[in-house]
Structures are given as structure tokens and as C-alpha cells.
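With our numbering, the residue at position 62 of the sequence shown is 1047, and numbering never jumps.
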Amino acid sequence: RLVPNPSSYPTRQQAVRVVVVHTAETPCEEGRAYNIAAYLANPAIRASTHWAVDPGETVAQVPEEGTAWAAPGANADGIQIEQAAYAGFTADDWQGAEQQRMLRTQLAPLVAGICRRWDLPAVWLAAADLLAGKAGATDHNTVNLAYGASDHWDCGPSFPSGLLMELVRAEL
């Protein structure tokens, strides 16, 4: 499905270099991807994403050739993905059935497809990597650590980035 969002730019200011994963601070359950996209589509919110995922669906919002407004410092060169999840999830929470289903059936295939389309390596980036201009995937917290342009800490310290990248590499 597609939920267009006016809070975006129709083109890119820079070549795609990074996939930025977020948590939308919602329960990890079916139907949330559409709700996330619909919420962000309100012009008063002034934020957007390229994709939103939940355990059963991936919803498009801003075309990848456009610029979403989601992670200051990595908007111009980033593809943004909102997950139906909380930054405060523990490692045990991320092992839950719905979280694992979302990671394995929606998020990993989507990130792999983005890596394939934009010729990005399937690696997880630290703040120093972003500042060095390296390409790959990361989360909003790492973008904030690198550029200091927001106070967001998603996907949180327990996000299974290693597992995500293993799944992405397996997809590729």
C-alpha cells in the first residue's frame, strides 16, 4: 500500500548512502505500518518515512527517489524505515514472535532490497562510520550521535542490529 506524505522532497539532494531504521513507538502488531504512515501523512506532523513495517505488512510513503524527513543529518542521503516497535524494547522483547516475524519477513527483505537497488553494503554503521562517509545501514540513535541534530534514541540499545544484518546478507 501507499500512503503519500507532503512532508518530503520529491528528489534527492545527495546519492543514497545509508538505510536508517527507526522505531515508531507503537506496539509490534499487524496494522501498525499503515497507522504509522497515516499518522506521518498529517501535514502538521512535518515528518515522513520511505517505508513503514509491521509483522504483516510493508507500507510505502515517500518514493526512494525522494527525500523523507526523519533523521536530521541523514535525510539527504538516507532511506528511512519506521518499524512498529519501541526503542525501549529489551533483548527479550526483540525475541518475541511478532518482533521476529517483522524482522524476518518485512524488515530484512526490505533492507536487502534497498541495498540491492542502491548498491549499498550490508553492514551496520557506527557514528564514526557515518562521519567518515561510509555506506550501509544504521539507526536513528547512531545518526543523532554522529550529527547531534535530534534527541531520538531509537532503535534503542537492545535492537538486534547484528541479527538484522545477518538476515539481510542471507537475503542478498
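Using N, Cα and C, we set each Cβ at its ideal position, and we do this for glycine too.
How long is the line joining the alpha carbons of residue i and residue j, rounded to whole angstroms?
i, j, result
"Trp1079", "Leu1088", "9 Å"
"Pro1012", "Tyr1071", "7 Å"
"Ile1064", "Arg1002", "8 Å"
For residue i versus residue j, is the C-beta spacing smaller than 7 Å?
i, j, result
"Ala1069", "Asp1114", "no"
"Ser1143", "Pro1057", "no"
"Pro991", "Pro1028", "yes"
"Lys1119", "Leu1105", "no"
"Ala1032", "Leu1025", "yes"
"Val1005", "Val1108", "no"
"Ala1193", "Ala1022", "Given a span of 986 to 1157 for the chain in the structure shown, any question on residue 1193 remains unanswerable."
Our contact map puts residue i next to residue j with C-beta atoms below 8 Å; I'd like the distance itself, whole angstroms only.
i, j, result
"Thr1052", "Tyr994", "4 Å"
"Glu1156", "Ala1093", "6 Å"
"Ala1045", "Leu987", "5 Å"
I'd like to confirm something about residue i: is its beta-carbon nearer than 6 Å to some heavy atom of the ligand NAD, or not?
i, result
"Gly1121", "Looking at this structure, you won't find the ligand NAD or any other ligand, since it has none at all."
DSSP on residue i, reduced to helix/strand/coil?
i, result
"Glu1083", "helix"
"Ala1061", "coil"
"Trp1103", "helix"
"Ser1146", "helix"
Using 10 angstroms around the beta-carbon of residue i, count the other beta-carbons present and answer buried if the total reaches 16, otherwise exposed.
i, result
"Asp1077", "exposed"
"Glu1151", "exposed"
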